[in-house]
DNA sequence: TAATATAACTTAAACGTTTAAGTCAAGGAA
DNA sequence: TTCCTTGACTTAAACGTTTAAGTTATATTA
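Residue numbers (my numbering), protein chains in the order written: chain Z, 1 to 334; chain P, 1001 to 1334.
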């Protein structure tokens, strides 16, 4: 049978309250008693029943992350690194991490949040892939549930967030391409309500402007953050009467699709076409050619967000933070 | 304030037992009453407090997965697809999925299991990356905690497992390479106690034997399941006085490292060197050249294992299952 | 008609903690 | 001596469910 607090209390002939307080470090327990309690708890292999503890403490020591997976099959390396970071840091903070998946904006997604909020499954949430108008943010704010985010939208002041600076950074990358002589630089993005799309696209436009290159709407084509999306978009762009000589992609995955499309068309990436991404996935280093990208330290970011959330849960107001991605130049841009 | 079962009971002037039983579908509740209960529960936004429920039911409706991440930074796409599958299927089964990470065999790993087992955090576990002698299996068996696995070791009879047939399949791949004229086929594996290493290496040896190629220990070099490992191993193998003309890698990630090493050495993969992997990662399709591999449907596998575990938890004895990976021939083997 | 079965509830105990409030002996101050 | 502190506990009430064991009124059977 499972060993409970009662078992260790009985063994020592003390009340369960004493055991509880001894283990929790209350000062009204003698040193000798505390020593004994800790020892027998250890001996018997006592571990507090979490359900009972949560019920009583009204706090779960768990945080939730609902992975915004657009489709059932979904293998974005960004998220495996992100989850590894969340998992590691949660464990370090003695928190449990609850993970689920749901297509963004779907009824299932809402259901998951509702269950976890009202069922008191978690003390707070981690969010990412924010939208400009994000129902999750309104909802969590309204219900006063703590959360911390990667990226931020117009309500950024209301919650702690970790933001990877994108406008200036992308602009810098675009200017680098322009400096290499590219005049027709295409942009493959994603859905317009995504914060990352808005920011990175703004960076693209800023970059063009600073390089003195006129904006050409024909060079903008939407992807969907996957290689498939990038593949299709690249084929479209490269079939234009006046095709681009460089393509900036909203993320590395998209860029991988572009690389494939180019290869299929016999276009030498790095020579007659420059391609760049955003994320700094491990794969970007080994793609052929290796991909120029804006690297964000996903694992560390995940850890930091967990720490932010922990502080928020314990009543503090952790400041938001901005991280500058590192521009990594590789062969895909010559 | 949080709405409890008491609130909906009060509103209807019935006992909380009635509400509980009405919502749980017990037959001793009149249809009219049940209708009312369901309706007011809905109206008030009642969601059962999970902690209370678990405490009383002695069951958590959660399953756990501790990701065997060898190092803090860790971005294996295999695992993101695997977790997506676990997450989706758990949600479908109305289960919560607890995720953590810990280096295999580390004290932290053991700590996580202990906490979840004795703290009654989960009803069962999902395991993978099994070892021949796997303490997790002994431990969970001893404590009578349900678990289901991907892969199986010598104790396979004791737990439901989903196994991807490897010996015959790898053998088939090796024979295909032999059929292409390769006589010096190298093998880059991983640590010897890993089940996947044992199986895939056995397949390699069987393949050689059936093709009538003598086994050459110089062509065996260990990796560590990462591109870095594959990269280093490939450089070693390709520096041999009599280097291999084909390299089979224990997984795709390793193969990606090999591709990079070959490229660095100016070796044309697909022409003067054949490379093959195992996993069928999405990236294998877009690598350059695209990678010949044994494809396993990771997402579906994850879903199936969750369903197995669910059946096991509810007292059934689900049969184990074997899946045959699909041999996908791509340019990396010419 | 009386005894019995059934439908539709209610009562109250449990699940294993935490914690506010209470007890009680020993020591110190007046 | 008596009163007040203090240290070191104990008691008992929660936390919000589920569920075994009642309790009725009504319907059915002998």
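Even glycine gets a Cβ: it sits at the ideal position worked out from N, Cα and C.
Since the structure is predicted, the reported quantities are computational estimates derived from the model, not experimental observations.
Report, in whole angstroms, the separation of the C-beta atoms of residue i and residue j, which I expect to be a contact under 8 Å.
| i | j | result |
| --- | --- | --- |
| residue 84 of chain Z | residue 299 of chain Z | 6 Å |
| residue 1173 of chain P | residue 1255 of chain P | So it is not a contact: roughly 12 Å between Cβ atoms. |
| residue 183 of chain Z | residue 213 of chain Z | 6 Å |
| residue 1270 of chain P | residue 1331 of chain P | 5 Å |
| residue 38 of chain Z | residue 126 of chain Z | 34 Å between Cβ atoms; not a contact. |
| residue 1055 of chain P | residue 253 of chain Z | Contact doesn't hold; Cβ gap of about 43 Å is too wide. |
| residue 1257 of chain P | residue 1229 of chain P | 6 Å |
| residue 1113 of chain P | residue 1092 of chain P | Not a contact, Cβ separation roughly 25 Å. |
| residue 262 of chain Z | residue 234 of chain Z | 6 Å |
Between residue i and residue j, what straight-line distance do the alpha-carbon atoms span, to the nearest angstrom?
| i | j | result |
| --- | --- | --- |
| residue 1222 of chain P | residue 200 of chain Z | 42 Å |
| residue 1005 of chain P | residue 322 of chain Z | 44 Å |
| residue 1027 of chain P | residue 1018 of chain P | 11 Å |
| residue 1036 of chain P | residue 1013 of chain P | 11 Å |
| residue 353 of chain Z | residue 1283 of chain P | An answer regarding residue 353 of chain Z cannot be provided, because it is not within the stretch 1 to 334 covered by chain Z. |
| residue 1170 of chain P | residue 1029 of chain P | 59 Å |
| residue 1161 of chain P | residue 1305 of chain P | 7 Å |
| residue 327 of chain Z | residue 249 of chain Z | 14 Å |
| residue 1301 of chain P | residue 1197 of chain P | 19 Å |
| residue 1086 of chain P | residue 176 of chain Z | 42 Å |
| residue 259 of chain Z | residue 1260 of chain P | 16 Å |
| residue 311 of chain Z | residue 133 of chain Z | 26 Å |
Kindly say whether residue i, judged by its beta-carbon, lies nearer than 7 Å to any beta-carbon of chain P.
| i | result |
| --- | --- |
| residue 283 of chain Z | yes |
| residue 118 of chain Z | yes |
| residue 88 of chain Z | yes |
| residue 337 of chain Z | Because chain Z spans 1 through 334 in this model, residue 337 of chain Z falls outside it and cannot be assessed. |
| residue 50 of chain Z | yes |
| residue 97 of chain Z | yes |
| residue 25 of chain Z | no |
| residue 74 of chain Z | yes |
| residue 17 of chain Z | no |
| residue 47 of chain Z | yes |
| residue 293 of chain Z | no |
| residue 302 of chain Z | no |
| residue 256 of chain Z | yes |
| residue 227 of chain Z | yes |
| residue 84 of chain Z | yes |
| residue 81 of chain Z | yes |
| residue 69 of chain Z | yes |
Taking 7 Å as the CB-CB limit, is residue i close to chain Z?
| i | result |
| --- | --- |
| residue 1055 of chain P | yes |
| residue 1288 of chain P | yes |
| residue 1215 of chain P | no |
| residue 1129 of chain P | no |
| residue 1121 of chain P | yes |
| residue 1077 of chain P | yes |
| residue 1009 of chain P | no |
| residue 1136 of chain P | no |
| residue 1006 of chain P | no |
| residue 1110 of chain P | no |
| residue 1101 of chain P | yes |
For residue i, count neighbouring C-beta atoms within 10 Å of its own C-beta (all shown protein chains included) and say buried if the count is 16 or more, exposed if not.
| i | result |
| --- | --- |
| residue 185 of chain Z | buried |
| residue 1044 of chain P | exposed |
| residue 336 of chain Z | Outside the shown range of chain Z, which is 1 to 334, sits residue 336 of chain Z, and nothing can be said about it. |
| residue 329 of chain Z | exposed |
| residue 189 of chain Z | buried |
| residue 1128 of chain P | buried |
| residue 1166 of chain P | buried |
| residue 344 of chain Z | It is not possible to answer for residue 344 of chain Z, since the shown part of chain Z is limited to 1 through 334. |
| residue 336 of chain Z | Within the shown structure, residues of chain Z are numbered from 1 to 334, placing residue 336 of chain Z beyond reach of any answer. |
| residue 1109 of chain P | buried |
Short check: CB of residue i to CB of residue j, under 7 Å?
| i | j | result |
| --- | --- | --- |
| residue 1225 of chain P | residue 1077 of chain P | no |
| residue 124 of chain Z | residue 309 of chain Z | yes |
| residue 1090 of chain P | residue 1097 of chain P | yes |
| residue 368 of chain Z | residue 231 of chain Z | An answer regarding residue 368 of chain Z cannot be provided, because it is not within the stretch 1 to 334 covered by chain Z. |
| residue 325 of chain Z | residue 164 of chain Z | yes |
| residue 339 of chain Z | residue 193 of chain Z | The requested residue 339 of chain Z is not part of the displayed model; chain Z covers only 1 to 334. |
| residue 292 of chain Z | residue 245 of chain Z | no |
| residue 1117 of chain P | residue 1143 of chain P | yes |
| residue 72 of chain Z | residue 1031 of chain P | no |
| residue 1050 of chain P | residue 121 of chain Z | yes |
| residue 16 of chain Z | residue 22 of chain Z | no |
| residue 102 of chain Z | residue 145 of chain Z | no |
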